[in-house]
DNA sequence: GGCAAGCGTCTTGCATACAAGCTTGTTAGA
DNA sequence: TCTAACAAGCTTGTATGCAAGACGCTTGCC
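Residue numbers (the working numbering), protein chains in the order written: chain X, 1 to 236; chain L, 1001 to 1236.
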């Protein structure tokens, strides 16, 4: 959450990503160029560039001449995202040779922050830290490329969790993080990898599948309209 | 190489990526906005958007007020890229349940094209197909997200191969692809995964490390200047 | 001869203007 | 009353203009 190093320019895309990671922006949210330009006191050009960057990273998508929207991953895409995370995090834990003690210390400190956020009432910070743990771990373990990829996947995962009403508990997640770091510190990398797979599996298992082929799902449910009526299974 | 489906707009970034994949653009190449705009008969705006997309995908980078350049991965980044590829391709092979016969057929056809390109003299097409095989495989095996990620990694890898003077033979690569598909067809996924890891390892082993911390390496070598002279180890 | 300051040219950074298309509200007609 | 065509407003798509900075050359000085 702290990008205040060396008077870093608070990039627009960074702010949007952070908001997504904190759960303040949910899937399907519309992001108007002019609105954002006004908000950030800049021109549409800069905003547009930021949105293009986010599109390339798979965070938003554009509907031509209609607007920018935060992605709404389908159930299949959600599963693919989780598989991708599994692949990356499992591999990094299995491949790494030794874990410097400084890395362990940093991760433990991160977990401390997680606990503090969970104890507090800042839901956004909690969501952010819980996701950021994985990114920090991969980066600390020495692969920046995978860390960058995982960062985007984490944003996707946060959106997915909100979209498919994750029931996984924050405290539980944090405990699992703790165990992984413990195994890492003990040098038992295989067990750490196995725990990581289980952890990600737990989060994924907490999702509830819904009829994602129906773009009117939310509205239909809110209005209590039976799917037997007209408008069922419209083209996506 | 064929993006002629439904009169698809030949996007600028796509063309640039294809050129990189074919080895026609090498690491460090400067990509001027105005030059590209003239070449594509469009304005700088569109070019700039394409370059921003490529930047987000890690293919080019920008030096403020100086210009856009194709990335020149360091030796460490090269290793990270290969590790990332390994992670993804190994995982997809280990995770997939069953491989449809249509998929096998498509991959075999792809290999046929590879052989044809190797027999012919189109070095660009050869390079493109050899890299594209992996992307096609992951996509055919059902994970679009990983396929997209791998596509970018493949571009990186092609640049790396040229930069670090890969000695790996095209025919050899193609044979290894063949073996992998054979194992896939036989249902021996574990062996396919192992072969894939070996295959990627072979390519990586064919690279020759060079002093990549020295931005003057090429010039220095061309001029036969000993590193003991002035200008050694300049700041990056 | 060597060095440094100054200037010109070329590049990107950013903002703005206008064109094109989608959405929605309105109105005319059956 | 319902349908369909039309029009207005708002959104993105694209181009252009100007400002700011970097590089390379020239010029002047020591």
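All C-beta atoms, glycine included, are put in the ideal place defined by N, C-alpha and C.
Where residue i meets chain L, residues with beta-carbon distance less than 8 Å
{"i": "residue 52 of chain X", "result": "1049, 1052, 1053, 1056"}
{"i": "residue 172 of chain X", "result": "Within chain L, no residue comes near residue 172 of chain X; the closest Cβ sits about 25 Å away, beyond 8 Å."}
{"i": "residue 72 of chain X", "result": "Chain L residues near residue 72 of chain X: none, gap ~15 Å exceeds 8 Å."}
Amino acids of chain X, ordered along the chain, whose beta-carbon sits closer than 9 Å to that of residue i
{"i": "residue 1091 of chain L", "result": "83, 84, 86, 87, 88, 90, 91"}
{"i": "residue 1095 of chain L", "result": "83, 86, 87"}
{"i": "residue 1176 of chain L", "result": "Correct list: empty, because the minimum Cβ distance to chain X is about 20 Å."}
{"i": "residue 1204 of chain L", "result": "Simply none; closest approach about 13 Å."}
Which listed residue (the options) has its alpha carbon closest to that of residue i
{"i": "residue 180 of chain X", "options": "X/147, X/133, X/169, X/167", "result": "X/133"}
{"i": "residue 146 of chain X", "options": "X/92, X/175, X/101, X/223", "result": "X/92"}
{"i": "residue 1203 of chain L", "options": "L/1127, L/1117, L/1058", "result": "L/1127"}
{"i": "residue 65 of chain X", "options": "X/161, X/108, X/30", "result": "X/30"}
{"i": "residue 1027 of chain L", "options": "L/1120, L/1201, L/1159", "result": "L/1159"}
{"i": "residue 1143 of chain L", "options": "L/1165, L/1191, L/1089, L/1018", "result": "L/1089"}
{"i": "residue 1108 of chain L", "options": "L/1079, L/1070, L/1185, L/1190", "result": "L/1185"}
{"i": "residue 1057 of chain L", "options": "L/1174, L/1220, L/1017", "result": "L/1017"}
{"i": "residue 1172 of chain L", "options": "L/1157, L/1095, L/1199", "result": "L/1199"}
{"i": "residue 20 of chain X", "options": "X/80, X/156, X/168, X/78", "result": "X/156"}
{"i": "residue 1069 of chain L", "options": "L/1177, L/1196, L/1036", "result": "L/1036"}
{"i": "residue 1177 of chain L", "options": "L/1080, L/1052, L/1191", "result": "L/1191"}
{"i": "residue 168 of chain X", "options": "X/148, X/81, X/201, X/62", "result": "X/201"}
{"i": "residue 80 of chain X", "options": "L/1052, L/1189, L/1187, L/1096", "result": "L/1096"}
{"i": "residue 98 of chain X", "options": "X/187, X/74, X/217", "result": "X/187"}
Same chain, Cβ closer than 7 Å to residue i, neighbours up to 5 away in sequence not counted
{"i": "residue 230 of chain X", "result": "Because residue 230 of chain X carries a pLDDT of 47, less than 50, the predicted location of this residue cannot be relied on, and the following value inherits that uncertainty. None."}
{"i": "residue 1193 of chain L", "result": "1090, 1093, 1094"}
{"i": "residue 67 of chain X", "result": "30, 32"}
{"i": "residue 1046 of chain L", "result": "1012"}
{"i": "residue 24 of chain X", "result": "124"}
{"i": "residue 1044 of chain L", "result": "1033, 1034, 1037"}
{"i": "residue 1197 of chain L", "result": "1086, 1090"}
{"i": "residue 225 of chain X", "result": "none"}
Assigned exposure category for residue i - 16 Cβ within 10 Å defines buried
{"i": "residue 238 of chain X", "result": "With chain X represented from 1 up to 236, any question about residue 238 of chain X goes unanswered, as that position is not in the structure."}
{"i": "residue 34 of chain X", "result": "exposed"}
{"i": "residue 1246 of chain L", "result": "Chain L is shown from 1001 up to 1236; residue 1246 of chain L falls before or after that span and cannot be answered."}
{"i": "residue 1163 of chain L", "result": "buried"}
{"i": "residue 2 of chain X", "result": "Note that residue 2 of chain X scores a pLDDT of 44, beneath 50, so its modelled location is shaky and nothing firm can be said."}
{"i": "residue 152 of chain X", "result": "buried"}
{"i": "residue 208 of chain X", "result": "exposed"}
{"i": "residue 83 of chain X", "result": "buried"}
{"i": "residue 1161 of chain L", "result": "buried"}
{"i": "residue 1121 of chain L", "result": "exposed"}
{"i": "residue 76 of chain X", "result": "exposed"}
{"i": "residue 222 of chain X", "result": "exposed"}
{"i": "residue 1183 of chain L", "result": "buried"}
{"i": "residue 1078 of chain L", "result": "buried"}
{"i": "residue 1041 of chain L", "result": "exposed"}
{"i": "residue 1022 of chain L", "result": "buried"}
{"i": "residue 219 of chain X", "result": "exposed"}
{"i": "residue 1195 of chain L", "result": "buried"}
{"i": "residue 1154 of chain L", "result": "buried"}
{"i": "residue 7 of chain X", "result": "Annotation note: pLDDT 48 at residue 7 of chain X (below 50); position unreliable, no value reported."}
Contact set for residue i: own chain, Cβ-Cβ below 6 Å, skip 5 residues either direction
{"i": "residue 1103 of chain L", "result": "1140"}
{"i": "residue 1054 of chain L", "result": "1013, 1060"}
{"i": "residue 72 of chain X", "result": "27, 28"}
{"i": "residue 1015 of chain L", "result": "none"}
{"i": "residue 1048 of chain L", "result": "1033"}
{"i": "residue 1166 of chain L", "result": "1206, 1207"}
{"i": "residue 1189 of chain L", "result": "1093"}
Listed by chain order, chain X residues near residue i by CB distance under 8 Å
{"i": "residue 1077 of chain L", "result": "144, 145"}
Where residue i meets chain L, residues with beta-carbon distance less than 7 Å
{"i": "residue 33 of chain X", "result": "Residues of chain L passing the Cβ test: none, with the nearest at roughly 13 Å."}
{"i": "residue 114 of chain X", "result": "What residue 114 of chain X touches in chain L: nothing, since even the nearest Cβ is about 25 Å away."}
Proximal residues to residue i (C-beta, below 8 Å), its chain only, five neighbours per side dropped
{"i": "residue 150 of chain X", "result": "85, 88, 89, 134, 135, 138"}
{"i": "residue 1174 of chain L", "result": "1111, 1114, 1115, 1118, 1130"}
{"i": "residue 106 of chain X", "result": "136, 140"}
{"i": "residue 63 of chain X", "result": "69"}
- Could you list the residues in the stretch 143 to 160 of chain X with a C-beta less than 7 Å from some C-beta on chain L, going in chain order? For the stretch 143 to 160 of chain X, which is checked against every Cβ of chain L, the residues closer than 7 Å are 143, 144, 145, 146, 149.
- Message: Give me the subset of the stretch 122 to 144 of chain X whose CB atoms are less than 7 Å from a CB atom of chain L, sorted by chain position.
- Response: Cβ contacts with chain L come from 143, 144.
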